[in-house]
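If you count the sequence shown from 1, position 21 lands on 20 in numbering that gives the first Met the number 0, and the numbers rise without skipping.
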Amino acid sequence: MITTLTAITSFLGAGRFLAGFLRDPHHTHGPPDFYIDKYRVISTRTNMAVWDYKSVLAHELGHAHPRDRRSGNKYFDDRQEKRADEYATHLLICPPPRLRHLAPWHGHDHSGLAIDLEVTPKLLETYMKMYPNALKGLVA
């Protein structure tokens, strides 16, 4: 399992954006992840499954790259969350050759496909909304 922010950002291909930018603290209670722009820190909860860890870290990188800050306005905050999910999707699922290889084995079982892709079902759902025809012709 990848355990350091440097290793995972490199693995995800995001190191070029964030090299030397973030520290890698962990917390034991509360939300699975958070980003604090003021300190340029991403924190992830300890002892998460690999798909949760990769997905939440990629999501927080999606906040860190544009240096998002909560506005308190639901509309703008929701847009930031959506953009961070899409960013995470591009880091972890795009380009999709692995998805094309695994999809026929899972049929319409998106939860199983998400586990094999090592992402959360929510992230795979985001991908499917972005690319509704991605699995067309691949699943029976």
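Note that beta-carbon positions come from the ideal geometry of N, C-alpha and C, so glycine has one too.
Output the distance between the C-alpha atoms of residue i and residue j, rounded to the nearest integer angstrom.
i: G136; j: M47; result: 34 angstroms
i: Y126; j: C93; result: 9 angstroms
i: A147; j: N72; result: For the chain, the structure presents residues 0 to 139; residue 147 sits outside this window and is missing.
i: I114; j: Y52; result: 12 angstroms
i: H100; j: V138; result: 11 angstroms
i: E80; j: R69; result: 10 angstroms
i: P95; j: L123; result: 11 angstroms
i: G111; j: Y74; result: 32 angstroms
i: A83; j: A102; result: 24 angstroms
i: P131; j: Y38; result: 37 angstroms
Decide if residue i is buried, meaning its Cβ has at least 16 other Cβ atoms within 10 Å, or exposed.
i: V49; result: exposed
i: G106; result: exposed
i: H58; result: buried
i: D32; result: buried
i: G61; result: buried
Could you name the residues of the same chain whose beta carbon sits closer than 8 angstroms to that of residue i, not counting the 5 residues immediately before and after it, in chain order?
i: M129; result: E85 and T88
i: H109; result: P120, L123, E124 and M127
i: L91; result: L11, K53, S54, A57, L116, E117, V118 and L122
i: G29; result: R44
i: D76; result: R69 and S70
Quick check on DSSP: helix, strand or coil for residue i?
i: Y86; result: helix
i: L21; result: Residue placement at L21 is flagged as unreliable, the pLDDT there being 49, under the threshold of 50; a coordinate-derived value is accordingly withheld.
i: R39; result: coil
i: Y34; result: strand
i: R44; result: strand
i: V55; result: helix
i: L60; result: helix
i: Q98; result: First, the amino acid is wrong: residue 98 is Leu here, not Gln. Residue state, collapsed to three classes: helix.
i: P107; result: The amino acid at residue 107 is misidentified as Pro; the sequence shows His. Three-state result, H107: coil.
Assuming residue i contacts residue j under a Cβ cut-off of 8 angstroms, what Cβ separation, rounded to an integer in Å, is found between them?
i: T119; j: S54; result: 4 angstroms
i: R66; j: D36; result: 5 angstroms
Using C-beta distances below 6 angstroms, list every residue in its chain close to residue i, excluding the 5 sequence neighbours before and after it, in chain order.
i: T27; result: T45
Within a Cβ cutoff of 7 angstroms, which residues of the same chain sit near residue i, ignoring the five residues on either side of it in sequence?
i: R97; result: L116
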